[in-house]
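Residue numbers (the UniProt record's numbering): 1 to 89.
Cβ coordinates follow ideal geometry from the N, Cα and C atoms, glycine included.
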């Protein structure tokens with residue numbers, strides 16, 4: 001779980017990132033306290049700054065970024081895969 005804290009604009013990037021929305025996310029715990037450090041994530045769901053989101057890392061992030069096209073190259077190690085409407089602790 002993370003909070004979207006910013007966006008990234010990059011004009012020079014790997015071809016696999018062309019057309020992808022890059023966001024800065026801050027992982028948080030169940031109390032919405034920051035944990036670890038900020039990360040760059042590919043947004044697959046249209047999240048906005050200030051929203052709490054579900055993130056996937058590693059192979060899960062690459063699968064989310066590639067969609068149904070399993071032959072498509074992905075350089076993602078972190079993807080936003082859901083927008084959290086609410087959560088209870």
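Under the three-state reduction of DSSP, residue 15 is assigned to helix. Nearest neighbour of residue 23 by Cα position, chosen from 77, 40 and 45, turns out to be 40. If the five residues before and after residue 30 are omitted, its C-beta is found closer than 6 Å to the C-beta atoms of 89, all from its own chain and listed in chain order. Your pair residue 53 and residue 25 checks out as a contact, with CB atoms roughly 7 Å apart and the cut at 8 Å. Looking from the CA of residue 3, the closest CA among 13, 77 and 33 belongs to 33.
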